[in-house]
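Student: Below are the structure tokens for one structure; questions will follow.
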Amino acid sequence: MSDAEADLVILGGGSGGYAAAFRAAELGLSVTLIEKDKLGGTCLHRGCIPTKALLHAAEVADTARDGEQFGVKSTFEGVDMAGVHKYKDGIVTRLYKGLQGLAKAHQVNFVEGTGTYAGGTSVDVDGTRYTGKNVLLATGSYSKTLPGLELGGRIMASEDALKLDYVPKKAIVLGGGVIGVEFASVWASFGTDVTIVEALPRLVPNEDEFASKQIERAFRRRKIGYKTGVKFTEAKQDDSGVTVTLESGETLEGDVLLVAVGRGPNTAGHGYEDAGIQLDRGFVVTDERLRTNQPNVYAVGDIVPGLQLAHRGFQQGIFVAEEIAGQNPSPIDEAGIPRVTYSHPEVASVGLTEAEAKEKYGADVQAFTYDLGGNGKSQILKTSGAVKLVKAPDGPVVGLHLVGDRVGELIGEAQLIYSWEAFPEDVAPLIHAHPTQSEALGEAHLALAGKPLHVHG
Ligand SMILES: Cc1cc2nc3c(=O)[nH]c(=O)nc-3n(C[C@H](O)[C@H](O)[C@H](O)COP(=O)(O)OP(=O)(O)OC[C@H]3O[C@@H](n4cnc5c(N)ncnc54)[C@H](O)[C@@H]3O)c2cc1C
Numbered sequence: 316m317s318d319a320e321a322d323l324v325i326l327g328g329g330s331g332g333y334a335a336a337f338r339a340a341e342l343g344l345s346v347t348l349i350e351k352d353k354l355g356g357t358c359l360h361r362g363c364i365p366t367k368a369l370l371h372a373a374e375v376a377d378t379a380r381d382g383e384q385f386g387v388k389s390t391f392e393g394v395d396m397a398g399v400h401k402y403k404d405g406i407v408t409r410l411y412k413g414l415q416g417l418a419k420a421h422q423v424n425f426v427e428g429t430g431t432y433a434g435g436t437s438v439d440v441d442g443t444r445y446t447g448k449n450v451l452l453a454t455g456s457y458s459k460t461l462p463g464l465e466l467g468g469r470i471m472a473s474e475d476a477l478k479l480d481y482v483p484k485k486a487i488v489l490g491g492g493v494i495g496v497e498f499a500s501v502w503a504s505f506g507t508d509v510t511i512v513e514a515l516p517r518l519v520p521n522e523d524e525f526a527s528k529q530i531e532r533a534f535r536r537r538k539i540g541y542k543t544g545v546k547f548t549e550a551k552q553d554d555s556g557v558t559v560t561l562e563s564g565e566t567l568e569g570d571v572l573l574v575a576v577g578r579g580p581n582t583a584g585h586g587y588e589d590a591g592i593q594l595d596r597g598f599v600v601t602d603e604r605l606r607t608n609q610p611n612v613y614a615v616g617d618i619v620p621g622l623q624l625a626h627r628g629f630q631q632g633i634f635v636a637e638e639i640a641g642q643n644p645s646p647i648d649e650a651g652i653p654r655v656t657y658s659h660p661e662v663a664s665v666g667l668t669e670a671e672a673k674e675k676y677g678a679d680v681q682a683f684t685y686d687l688g689g690n691g692k693s694q695i696l697k698t699s700g701a702v703k704l705v706k707a708p709d710g711p712v713v714g715l716h717l718v719g720d721r722v723g724e725l726i727g728e729a730q731l732i733y734s735w736e737a738f739p740e741d742v743a744p745l746i747h748a749h750p751t752q753s754e755a756l757g758e759a760h761l762a763l764a765g766k767p768l769h770v771h772g
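Everything in the sequence shown is counted per our numbering, starting at 316 for the first residue and increasing by one.
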């Protein structure tokens with residue numbers, strides 16, 4: 316059997332795959348979408364959505380604990396993990412239903428099964444060959460571990476940490492990137508004694524150094540332990556706990572060890588290499604139009620080197636659909652993809668770090684940091700942090716970095732400023748509602764435009 320009519324055959328129904336499917340269908344193309352598990356992929360079922368539900372439950376726990384600071388009598392009595400999972404799973408289930416409805420409405424031919432890329436523009440699923448005019452590879456990523464560190468039992472990656480039915484008393488988190496920091500934040504709010512181990516010199520090492528300093532300070536205040544610039548040597552577990560040994564010789568004890576050392580491309584065992592798809596350290600090599608080395612075969616999402624984020628996958632999927640529909644979309648600017656770490660406090664950024672900007676534009680790059688101490692709404696929320704702008708010499712704002720509770724919601728404006736190549740003088744006259752945290756963005760631009768309002772010294 317074959318599916319010769321499909322304009323696009325997609326392997327993998329996660330963020331990248333389904334976005335391509337929906338956009339292609341909107342453009343009048345016929346689409347076959349092959350998925351071995353659940354439509355929605357990692358982000359919906361094991362990633363973005365469930366972790367953010369946990370982070371919100373964590374915020375509720377903090378609010379209960381801290382009520383007195385606001386004159387409200389409340390006590391934190393503990394966490395009922397069954398209740399947390401019910402809340403979290405309810406959200407995922409509702410969104411999953413919605414997504415299935417969208418696939419139906421778009422008349423996507425959904426094929427349930429494990430696909431193997433068969434070369435050319437064909438994918439095989441259980442003995443059936445689906446041949447399209449184009450193929451899109453979107454098989455996503457998996458949780459990596461380190462050599463000699465086997466996952467299982469008390470040693471787990473995010474997939475199992477999400478399902479944990481108890482709150483650990485003590486947890487060790489290996490990896491101080493986004494996933495590690497988010498879980499550390501959740502567990503600390505739930506009452507766990509957490510220690511993060513990061514081999515690089517700072518937490519959230521992909522962010523501007525300013526953001527690392529801010530989050531480290533906030534975590535110190537929250538009594539979240541962290542050890543940076545130190546490598547893991549081994550982990551042993553028994554019935555009572557996990558012992559982690561570090562290169563420094565120090566040992567750490569915990570009930571669980573979360574391994575959050577990054578995600579590898581899920582490209583092995585799907586026929587890619589056999590059929591001649593060019594890979595680099597397991598990632599699918601594409602050009603800026605997301606074409607692989609095989610004619611009419613594209614790749615999107617976490618298997619393509621770059622930021623492993625759901626909204627990048629969405630945009631890449633949309634790009635490929637528009638490309639094959641002949642719309643000649645503009646290539647995606649990777650630096651313009653917003654990044655948010657949803658911990659308490661949040662870290663949000665878009666564009667270049669100060670170090671990257673200096674590399675690109677030289678030493679005359681300007682930077683300005685506006686402390687949330689001057690922002691009324693942040694004071695009301697009792698959050699601290701700052702907004703940092705990075706500006707090219709005689710040029711636009713090329714990087715925006717924010718730290719503080721809820722600042723992830725400000726990244727939309729930050730992205731417009733970056734993507735529209737705004738100068739501080741363009742943003743300064745725009746009015747930000749008072750009191751909102753967005754005023755901090757406005758104030759930073761006012762200051763860089765030479766007319767600071769609520770800025771000390
Ligand atoms: C804990 C965690 C938290 C995260 N939080 C965020 C966040 O807050 N914001 C954000 O932007 N990103 C977040 N991410 C990242 C985000 O989930 C990924 O970037 C995104 O899911 C990548 O989309 P994708 O389409 O490339 O792959 P996936 O979503 O992984 O989808 C790939 C799909 O392909 C299917 N598949 C694989 N092989 C085959 C095969 N041979 N046949 C058929 N089907 C196959 C899989 O079952 C899967 O459904 C998080 C990730 C994790 C793990």
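Note that the Cβ used here is the ideal one computed from N, Cα and C, for glycine as well.
1) Note the first and the last residue of the continuous beta strand (DSSP E) segment covering leucine 622.
2) Mapping DSSP to helix, strand and coil, what is aspartate 554?
3) Are there three or more Cβ pairs, one per stretch, closer than 8 Å when the region 664 to 674 is compared with the region 700 to 714?
4) Is any heavy atom of ligand 1 found at a distance shorter than 7 Å from the C-beta of alanine 625?
5) So is glycine 327 buried or exposed if we call it buried at 16+ other beta carbons inside 10 Å?
6) Of all the options Val742, Gly714, Thr698, which has the alpha carbon lying nearest to the alpha carbon of arginine 721?
7) Quick check on the burial criterion: 16 or more other C-beta atoms within 10 angstroms. Buried or exposed for valine 571?
8) Are there any heavy atoms of ligand 1 lying less than 7 Å away from the beta-carbon of glycine 500, as far as the coordinates show?
9) If you draw a straight line from the C-alpha of alanine 636 to the C-alpha of lysine 448, how long is it?
10) Spell out whether any CB of chain B is found under 8 Å from the CB atom of alanine 755.
11) Assuming leucine 323 is part of the beta strand (DSSP E), what are its boundary residues?
12) Do phenylalanine 629 and alanine 334 count as a contact pair if the criterion is CB distance below 8 Å?
13) For serine 317, which residues of its own chain have a beta-carbon under 6 Å away from its beta-carbon, when the five flanking residues on both sides are left out?
14) In the DSSP assignment, find the unbroken alpha helix (DSSP H) run with arginine 469 in it and report its ends.
15) Among all the DSSP beta bridges, which residues are the ones paired with histidine 716?
16) Pick helix, strand or coil for glutamine 593, following the three-state DSSP scheme.
17) Tell me whether tyrosine 685 sits in a helix, a strand or coil according to DSSP, three-state version.
18) Just how far apart, CA to CA, sit glycine 700 and glycine 495?
19) Assuming tyrosine 457 and glycine 579 are in contact, meaning their beta carbons sit under 8 Å apart, how far apart are those beta carbons, in whole angstroms?
20) Check each candidate in Thr429, Leu344, Val407 and name the one with the smallest Cα separation from aspartate 352.
21) Can you tell me whether glycine 666 is buried or exposed? The criterion is at least 16 other CB atoms within 10 Å of its CB, across all chains shown.
22) Quick one: is the Cβ of threonine 566 within less than 7 Å of any heavy atom of ligand 1?
23) In terms of alpha-carbon separation, which member of Val438, Gln552, Val488, Ser437 lies closest to glycine 467?
24) Flag glycine 447 as yes when its Cβ comes closer than 7 Å to any non-hydrogen atom of ligand 1, and as no otherwise.
25) Could you check where the alpha helix (DSSP H) with tyrosine 445 kicks off and where it finishes?
26) Helix, strand or coil: how does DSSP classify serine 330 here?
27) Quick check on serine 350: buried or exposed, where buried means 16 or more other Cβ atoms within 10 Å of its Cβ?
28) In its own chain, which residues sit with a C-beta less than 6 Å from the C-beta of histidine 760, not counting the 5 before and 5 after it?
29) On the DSSP bridge list, what partners appear for valine 257?
30) Taking the CB atoms as reference points, tell me whether proline 653 and isoleucine 726 lie closer together than 8 Å.
Tutor: Judging by the given coordinates:
1) First-last for leucine 622: undefined, no H or E at that position.
2) In this structure, aspartate 554 counts as coil in the three-state DSSP scheme.
3) Segments in contact, yes.
4) At least one heavy atom of ligand 1 lies closer than 7 Å to the C-beta of alanine 625.
5) Answer is buried; the Cβ neighbour count reaches 16.
6) Distances from the CA of arginine 721 to each of Val742, Gly714, Thr698 were compared; the closest alpha carbon is that of Thr698.
7) It counts as buried.
8) According to the sequence displayed, residue 500 carries serine and not glycine. No.
9) Spanning the two alpha carbons is a distance of roughly 12 Å.
10) Checking the listed chains, one finds no chain B in this structure; it contains a single protein chain.
11) According to the DSSP assignment, leucine 323 belongs to the beta strand (DSSP E) that extends over 323 to 326.
12) Yes.
13) Note that serine 317 scores 48 on pLDDT, short of 50, meaning its location in the model is unreliable and no value can be drawn from it.
14) Segment: none, arginine 469 is in no alpha helix (DSSP H) and carries neither H nor E.
15) Bridge partners of histidine 716: Ser664, Lys703.
16) Glutamine 593 falls in the coil class under three-state DSSP.
17) DSSP places tyrosine 685 in strand when its eight states are reduced to three.
18) Their backbone Cα atoms lie some 20 Å apart in a straight line.
19) With a Cβ gap of about 6 Å, tyrosine 457 and glycine 579 count as contacting.
20) Nearest C-alpha to aspartate 352 among Thr429, Leu344, Val407: Thr429.
21) Buried is the label assigned to glycine 666, since at least 16 other Cβ atoms lie within 10 Å of its Cβ.
22) Checking the Cβ of threonine 566 against ligand 1 gives no.
23) Nearest of Val438, Gln552, Val488, Ser437 to glycine 467, Cα basis: Gln552.
24) No, Cβ of glycine 447 sits at least 7 Å from all heavy atoms of ligand 1.
25) If you look at tyrosine 445, you'll find it isn't in any alpha helix (DSSP H); it sits in the beta strand (DSSP E) that goes 443 to 446.
26) Three-state result, serine 330: helix.
27) According to the sequence as given, residue 350 is glutamate; it is not serine. By the 10 Å Cβ count, glutamate 350 comes out buried.
28) So the list reads Pro739, Val742, Ala743, once near-sequence residues are dropped.
29) This structure gives no information on residue 257, because the portion of the chain shown stretches from 316 to 772.
30) Between proline 653 and isoleucine 726, the C-beta gap is smaller than 8 Å, which places the two residues in contact.
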